[in-house]
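Data first, discussion second: the structure below is written as structure tokens.
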Amino acid sequence: MILPGDPAPLFLQKANTDWGRYSFDMAAGRYSLLIFMPSDHSAPPAFGTKVFRDLEAKRRNDILEIFCIAGDCQENANSCSDLPTADSIIVFDKDHAVHKLYNVASDQTLWVLVDPMLRIKLVLPDSPDVAENLNQWLDHAPRFQNGPIPALMLDDVLEPQFCQALISYYQSQPQNFSGILTRNSEGVAIQTVSQSFKRRHDCVLRDEALVRGLQARIIRRVVPEIRKSFQCTVTGMDRMIVGCYDAAELGGFGPHRDNTVKGAFHRLFAISLNLNKDFKGGELVFPEFSDQGFCPPAGGALIFSSALMHAVRPVTEGKRYACLPFAFNEDSLAYARSQEDITEDKISERK
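Listed below in structure tokens is the structure:
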């Protein structure tokens, strides 16, 4: 039985999204209401009432996401016509995998409220006043946790001359629109481009002297601080790139995690190194914890776990240049290999 204070069980299940699935780890950053529907799809008494419409309004105001967990439902929204709103995310839980994770019987209606950190806040049985109780609770709840961020901010990692050398290299090389590492409808990792979600241009760092210089500074100035703050020794780096968020296209990056798909499982820490200061916007934000934005000084770094959801707010003036490597170690490489084997096995089973 799930209880308030428990971490919400994460799931990946078919849904009425553009991708055809939904990964619940991406629900962090706002409240989530999971409505577990009985097998006969009978509508709870609260559906269609004014107080339920008030919950839907909170969704439109980006305070709440509503999920209808529909057991024994065919994998299209038309087969679930009794569900309350076309705006909700319908999870097609035909195999009852999500019901089992939450220990909900197939003939039971249950309302579960999850907070922005993906922790259980309320577990409510169905009743005529359940939507009213949820509305009252949400009306008095903080929009964000506004707690401390488990991230490390360092200054003086890169000298001004080295920052300028990296910017000059970027400006002298071809740049590509930065892609997103994600999954397709079959769960296979792919690179794709979505200008509505990510607007950044990247240049791969191929100059050996610059690569060695960057590695030396991170080993000397960042690795010891990671060891001290996170009790973790990193031994390798990848994705040696220089990126640019340009105000001309409101450069930014939507909420995401950096280690959730094949090709990224090994990443332990993201290292975001700012190379300049003549821009506005572009702050990193961690919506699971707070709406506070963070921006290292030029030559400084923000280091955080690759598992944390984070976003980059749009740059509104100038250009933000950044160097954006990841750090890993042998243990994380071994873990990635084991997970990628499991992923391949699951894909093979579906074929």
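Going from the sequence shown to this note's numbering is simple: count from 1 and add 79. Cβ atoms here follow ideal geometry from the backbone N, Cα and C, with glycine treated the same way. Note that the structure is a prediction, hence the values are computed from the model and not measured.
- When C-alpha distances from L237 are compared across C323, K359, P375, M105, the shortest belongs to P375.
- Remark: fewer than three beta-carbon pairs, one from each stretch, lie closer than 8 Å, so the segment 193–200 and the segment 345–358 are not flagged as touching.
- Each of L354, G258, Q418 was checked against the Cα of A244, and the nearest Cα belongs to L354.
- A distance below 6 Å between beta-carbons, with the five flanking residues on each side excluded, links P123 to the following residues of its chain, in chain order: T188, D205.
- Per the DSSP secondary-structure output, C402 pairs in a beta bridge with V321, L352.
- Under DSSP, H335 shares a beta bridge with H389.
- For D194 and R109, the gap between their C-alpha atoms comes out near 7 Å.
- One Cα belongs to H389, the other to H335, and the distance between them is close to 6 Å.
- Runs of the alpha helix (DSSP H) spanning 4 or more residues and lying entirely within the segment 204–274 occur at 209–218, 239–251, in chain order.
- Between Y324 and G372, the CB-CB gap reaches or exceeds 8 Å.
- Assignment of Y414 by DSSP, reduced to helix, strand and coil, places it in the helix class.
- Distance from the CA atom of A184 to the CA atom of S384, rounded to whole angstroms, is 36 Å.
- Assigned with DSSP and collapsed to three states, H175 falls in coil, not helix or strand.
- Note: I382 is bridge-paired with L231, I350 in the DSSP secondary-structure output.
- Look at the beta carbons and you see the segment 249–257 not touching the segment 166–174: under three pairs across the two are nearer than 8 Å.
- Linking I259 to K277 through their CA atoms gives a straight-line distance of about 8 Å.
- Secondary structure note for V290: it is in no beta strand (DSSP E), and the uninterrupted alpha helix (DSSP H) holding it is 287–300.
- For L82, the closest of D119, N182, F241 by C-alpha to C-alpha distance is N182.
- Relative to L363, the option among V340, G342, V394 whose CA is nearest is V394.
- Contact fails between the segment 221–239 and the segment 281–290, because fewer than three Cβ pairs, one in each stretch, are under 8 Å apart.
- If you ignore the 5 residues before and after Q254, its C-beta comes within less than 8 Å of the C-beta of H280, D281, C282, C323, all in its own chain and listed in chain order.
- Residues of the same chain with a CB within less than 6 Å of the CB of I145, apart from the 5 flanking positions on each side, are L112, R138, S167 in chain order.
- When the alpha-carbon of G397 is set against those of Q274, K359, P229, M116, the nearest one is in K359.
- The Cβ atoms of L134 and A87 lie no closer than 8 Å to each other.
- Rounded to whole angstroms, the Cβ separation of G226 and S102 is 24 Å, and the two are not in contact under 8 Å.
- Taking the CA atoms as reference points, Q418 sits about 22 Å from P404.
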